[in-house]
Amino acid sequence: MAIIPGYKNKDGQYIPTPSNILEDLKKIEKPDLKVTDYSLVVNDKIKIEIVKNDITKENVDAITNAANGSLLHGGGVAGAISNCGGPDIQKESSAYVRKNGKIPTGGAGQTSGGKMACKYVIHTVGPIYSQYTPETSEELLRASILSTLTEARTL
């Protein structure tokens with residue numbers, strides 16, 4: 007299971023995941039998908055859930071993190087993940103950027119979960135809404151979610 011956090015819109019409301027993104031996921035995945043308000047069952051082995059919990063305590067295959075393109079985990083959820091997971095997460099993040107370059111908005115990369123219960127952390131770079139038009143922000147958010155799912159397939 008991978009945990010995909012939602013986002014805050016320009017009015018500060020928490021949005022778990024836009025329904026149109028779930029509709030897009032239905033189109034690109036197997037036709038037997040079952041979608042509820044907060045989970046997406048891809049098949050008998052893959053289930054994506056949106057949960058409200060301490061992400062650093064989740065015993066899952068992968069968690070996702072809204073990151074900056076440089077993968078510098080200074081504060082917020084990224085800082086909490088880096089602190090709980092230990093120094094390996096930042097070391098692996100820095101090595102990833104040295105090898106691949108900064109992650110563009112809409113892209114994703116991965117590291118181990120370090121000392122956390124999860125095996126992996128998928129770092130995705132979502133849009134900063136004030137820097138784009140609403141339409142571009144939505145497209146970049148969709149791209150970041152799909153990049154996260156693509157990254158999860160490689161685990």
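Positions in the sequence shown are counted from 1; adding 6 to them yields my numbering. All residues carry an ideal CB built from backbone N, CA and C; glycine is no exception. In this text, all values refer to a predicted model and were calculated from it rather than measured experimentally.
Asked: Local Cβ density within 10 Å of residue 101, reported as buried at 16 or more and exposed below that; Found: exposed
Asked: 3 or more residues per run - each beta strand (DSSP E) lying fully within the segment 58-119; Found: 68-72 and 114-118
Asked: With 16 other Cβ atoms within 10 Å as the buried cut-off, status of residue 134; Found: exposed
Asked: For residue 95 and residue 117, the rounded distance between their alpha carbons; Found: 6 Å
Asked: Element boundaries [beta strand (DSSP E), containing residue 128]; Found: 126-130
Asked: Residue 160 classed as buried or exposed, judged by whether at least 16 other C-beta atoms fall within 10 angstroms; Found: exposed
Asked: Boundaries of the alpha helix (DSSP H) in which residue 150 is found, first to last residue; Found: 140-159
Asked: Own chain partners of residue 146 with C-beta closer than 6 Å, once the 5 adjacent residues on each side are dropped; Found: 111, 112 and 133
Asked: Host beta strand (DSSP E) of residue 53 (start-end); Found: 53-55
Asked: Rounded Cβ spacing between residue 86 and residue 128 (contact assumed at less than 8 Å); Found: Contact doesn't hold; Cβ gap of about 16 Å is too wide.
Asked: Whether residue 130 touches residue 143 by CB criterion (8 Å); Found: no
Asked: Nearest to residue 83 (by Cα), restricted to the options 65, 103 and 59; Found: 59
Asked: Cβ-Cβ separation, residue 120 to residue 80 (assumed contact under 8 Å), whole Å; Found: Not a contact, Cβ separation roughly 16 Å.
Asked: Nearest neighbour of residue 66, chosen from 55, 104, 156 and 74 [CA to CA]; Found: 55
Asked: Per DSSP, cross-strand counterpart(s) of residue 45; Found: 55
Asked: Straight-line Cα distance separating residue 115 from residue 153; Found: 8 Å
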